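**Q**
Numbering (the working numbering), first residue to last: 783 to 1432.
#1: Extract the residue ranges of the beta strand (DSSP E) inside the region 1189–1241, only unbroken runs of 3 or more that lie entirely within it.
#2: Beta strand (DSSP E) containing residue 1340: first to last residue?
#3: Quick one: complete alpha helix (DSSP H) runs, 4+ long, within the region 1020–1102?
#4: In the structure shown, what three-state DSSP assignment does residue 1119 receive?
#5: Quick one: give me the first and last residue of the alpha helix (DSSP H) that residue 1328 is part of.
#6: Under the DSSP definition of a beta bridge, which residues are partnered with residue 979?
#7: Run the CB neighbour count on residue 783, radius 10 Å, all protein chains shown included, and call it buried at 16 or more, exposed below.
#8: Hey, could you find the ends of the alpha helix (DSSP H) residue 926 is sitting in?
#9: Go ahead and pull the three-state DSSP assignment for residue 846.
#10: From the DSSP output, which residues share a beta bridge with residue 1426?
#11: Between which residues of its own chain and residue 1191 is the CB-CB distance below 7 Å, once the five residues before and five after are set aside?
#12: With distance defined between alpha-carbon atoms, name the residue in 978, 1396, 1355 nearest to residue 866.
#13: Going by DSSP, what residue range makes up the beta strand (DSSP E) through residue 915?
#14: Report buried or exposed for residue 1213, applying the criterion of at least 16 other Cβ atoms within 10 angstroms of its Cβ.
#15: From residue 1337 to residue 1296, what distance separates their C-alpha atoms?
#16: If you draw a straight line from the C-alpha of residue 938 to the C-alpha of residue 863, how long is it?
#17: DSSP three-state call for residue 1254: helix, strand or coil?
#18: State the DSSP-derived secondary structure class of residue 1307, mapped to helix, strand or coil.
#19: Is it buried or exposed, residue 1267, if we count other Cβ atoms within 10 angstroms and call 16 or more buried?
#20: May I ask you to report which of helix, strand or coil DSSP gives residue 1268?
#21: Evaluate the contact criterion for the region 1182–1196 versus the region 1289–1303: three or more CB pairs, one atom per stretch, below 8 Å.
#22: Of all the options 1347, 1298, 1373, which has the alpha carbon lying nearest to the alpha carbon of residue 1360?
#23: Taking all protein chains shown into account, decide if residue 1274 is buried (16 or more other Cβ within 10 angstroms of its Cβ) or exposed.
#24: Between 1233, 1280, 1325, 1367, which has its C-alpha nearest residue 1257's C-alpha?
#25: How many angstroms separate the CA atom of residue 1414 from the CA atom of residue 1344?
#26: For residue 1162, list the residues DSSP reports as bridge partners.
#27: For residue 1420, which option in 1391, 1219, 1329 has the closest C-alpha, if you only look at C-alpha atoms?
#28: Using the rule of at least 16 other Cβ atoms within 10 Å of the residue's Cβ for burial, across every protein chain shown, is residue 839 buried or exposed?
#29: Touching or not, the region 1006–1018 and the region 1036–1046, by the rule of three or more beta carbon pairs under 8 Å?
#30: According to DSSP, residue 775 sits in a beta bridge with which residue or residues?
#31: So does the region 906–922 actually touch the region 944–952, counting three or more Cβ pairs closer than 8 Å?
#32: Should residue 1220 go down as buried or exposed, given a rule of 16 or more other Cβ atoms within 10 Å for buried?
#33: What is the rounded straight-line gap between the Cα of residue 1153 and the Cα of residue 1231?
#34: Along the chain, where does the alpha helix (DSSP H) that runs through residue 1283 open and close?
#35: What number of angstroms, rounded off, separates the C-alpha of residue 847 from the C-alpha of residue 1052?
#36: For the beta strand (DSSP E) containing residue 904, list its first residue and its last residue.
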């Protein structure tokens, strides 16, 4: 029995042992699979988070590139349109006297000095001939009257002469050409071309050249380390990023990417944005074309390239890492906990990398040339850069969490400070980009400020955000004010010029509440002053004459220079008798106040005056003719006297 029992138990033990081994093996296999799945899931989540952040970073970089280019083009086109409609230029075109020519030249020099980065500021006539040209040379705005060129063969001139009123052309980004030859060293140039019209007739073009080197440098600054800037035109010509191929499209059409790889170029043209691989390197791109009322602009491809890195590099690296981890896990079961711990550490490193990249993006935003504020779907401020803090006066800590619209777009009484819809609220609601050249905001000190604003929304509708980029346009306001003063003022005397005084007289005659009288004045024997003492002294006499008259005028009375030594006073709400009294007081003051041009040579002068009051149905020209006739009689009666105009001229 004992022997029988012993013989029967041995197979059972073997069976139990084998079963236990199978269970243990299954348990180890299940444990291995669980750990492998955990490693794969953790790695996949970290990889996907990194990839998502990389996509966000690329989109942010491309958006920042768009903002940078938009800022340059908006400034350029706005200035071209402003100068093409300038009253000073209109005066020059309607009456190209030396004085009006000088005004127009000074206006272009003023713009060149205010901007500082315009290589050339030009007026070109309808035949393509340069008429006024200001070049930026060694930090100075230099007016050239010699060596003016005919540019009728240039594409931007030919296209510009086809534009309608109010339109503006942005040229292709190319190399500057002088005397038919590409300039050396190369000068990448952008141009804004605005047509000039006078009384509905095309008279030429206002052309502004801006050096594009600074634009390209600004685009490079905002790229992360290890990335290269790439820019091509709409035909595949390399502007930058092509190495030896840069700018070769101007000499050899086969140097274009479209000619070298037509299939790749067709794919790029077919999508607004995306990625492509060329020569083992990955390019992330987006097509850009500026928009605006009446703006015609070319398309450019803006891209960044990761040096020596193919598009699939991240996925290949991730797959390789995952395969190694799984192999190690399958071969060595005991250190699974260590590997899991390493995976968790790796995940934390990924999170830290994400935070570091977020900090880098924040730094880029801080260093951007525009003031920028990001808002959420409810228009609450999420962050703002230092330029926005400087312009508005608020710190980021003060504005974060506050409603941007209610803070900077409403007065303390709750009234909107701008006309129409708020561009920020509109962009958040519609998901469309909005902008305006004149957006009013309220600063921290309560002062109303004016900016050029662009609002770019992004993200899904339910969680949409927007970046508000804005720039100070005070330079434009100052330029407009200076041009307005130049258009109305006589340069020498500071009085109104002929055009302005005549316009004011016509407005007074058209106003039924006003009864203006006019005084036509002329300095007696002024030619003798010039011949005896010189024109410089003559100029001082003219200034003295005007300052003396101004002391005699009431608020609302106007003094203007009609030309040479002839002047006109428009005295509103004054009877003819009172106007005669004013004229006599002016005559006496001029006669009794010699011009002290120098302590040793006081120059005595007198004036003759003709006074006229408008008659019913009389035109302005007839009124001025009667005043001139009275002035003529005063001179022939011996000068230094006042004469009243006669009856109305039929």
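Ideal placement from N, C-alpha and C gives every residue a C-beta, glycine not left out.
Only a predicted model underlies this, so the values are computations on that prediction, with no experimental measurement involved.
**A** Result, derived from the coordinates:
#1: As far as the region 1189–1241 is concerned, its whole beta strand (DSSP E) runs of at least 3 residues are 1216–1224, 1230–1240.
#2: Here the beta strand (DSSP E) through residue 1340 covers 1340–1345.
#3: As far as the region 1020–1102 is concerned, its whole alpha helix (DSSP H) runs of at least 4 residues are 1039–1042, 1044–1051.
#4: In this predicted model, residue 1119 has a pLDDT of only 49, less than 50, meaning its place in the structure is not dependable; the value taken from the coordinates is given anyway. In the three-state scheme derived from DSSP, where H, G and I count as helix and E and B as strand, residue 1119 is classed as helix.
#5: Residue 1328 -> alpha helix (DSSP H) spans 1317–1332.
#6: The partner list for residue 979 (beta bridge, DSSP) reads 984.
#7: Any answer about residue 783 is weak, because its pLDDT of 40 lies below 50 and its placement is not dependable; what the coordinates show is given next. With fewer than 16 Cβ atoms within 10 Å of its Cβ, residue 783 is classed as exposed.
#8: Run containing residue 926: none in the alpha helix (DSSP H); it sits in the beta strand (DSSP E), 922–926.
#9: Helix at residue 846.
#10: For residue 1426, which the question treats as bridged, DSSP gives the partners 1393.
#11: Only 1198, 1199, 1200, 1204, 1223 meet the Cβ criterion.
#12: When only C-alpha atoms are compared, the closest one is 978.
#13: Taken as a continuous stretch (DSSP letters only), the beta strand (DSSP E) holding residue 915 covers 912–919.
#14: Exposed is the call here.
#15: Rounded to whole angstroms, the gap between the alpha carbons of residue 1337 and residue 1296 is 14 Å.
#16: Each residue's alpha carbon lies about 16 Å from the other.
#17: DSSP places residue 1254 in strand when its eight states are reduced to three.
#18: In this structure, residue 1307 counts as coil in the three-state DSSP scheme.
#19: Exposed, since its Cβ has fewer than 16 Cβ neighbours within 10 Å.
#20: Reduced to three states, the DSSP call for residue 1268 is helix.
#21: As far as the Cβ criterion goes, the region 1182–1196 does not touch the region 1289–1303, which means the pair count is below three.
#22: Taking each of 1347, 1298, 1373 in turn and checking the Cα distance to residue 1360, the smallest one comes out for 1298.
#23: Around the beta carbon of residue 1274, a 10 Å sphere encloses fewer than 16 other beta carbons of the protein chains shown; the residue is thus reported as exposed.
#24: For residue 1257, the nearest C-alpha among the options comes from 1233.
#25: For residue 1414 and residue 1344, the distance between alpha carbons rounds to 15 Å.
#26: For residue 1162, which the question treats as bridged, DSSP gives the partners 1185.
#27: Out of 1391, 1219, 1329, 1391 has the C-alpha closest to the C-alpha of residue 1420.
#28: The residue in question, residue 839, is buried, as its Cβ has 16 or more Cβ neighbours within 10 Å.
#29: Yes: the two stretches touch, three or more of their Cβ pairs being nearer than 8 Å.
#30: In this structure the chain extends from 783 to 1432, so residue 775 is not present and cannot be described.
#31: The region 906–922 vs the region 944–952: no contact.
#32: A residue is called buried when at least 16 other Cβ atoms come within 10 angstroms of its Cβ; residue 1220 does not meet this threshold and is exposed.
#33: So the alpha carbons of these two residues sit roughly 14 Å apart.
#34: Judged by DSSP secondary structure, residue 1283 falls within the alpha helix (DSSP H) whose first and last residues are 1280–1292.
#35: Taking the CA atoms as reference points, residue 847 sits about 21 Å from residue 1052.
#36: Note, residue 904: beta strand (DSSP E), 900–907.
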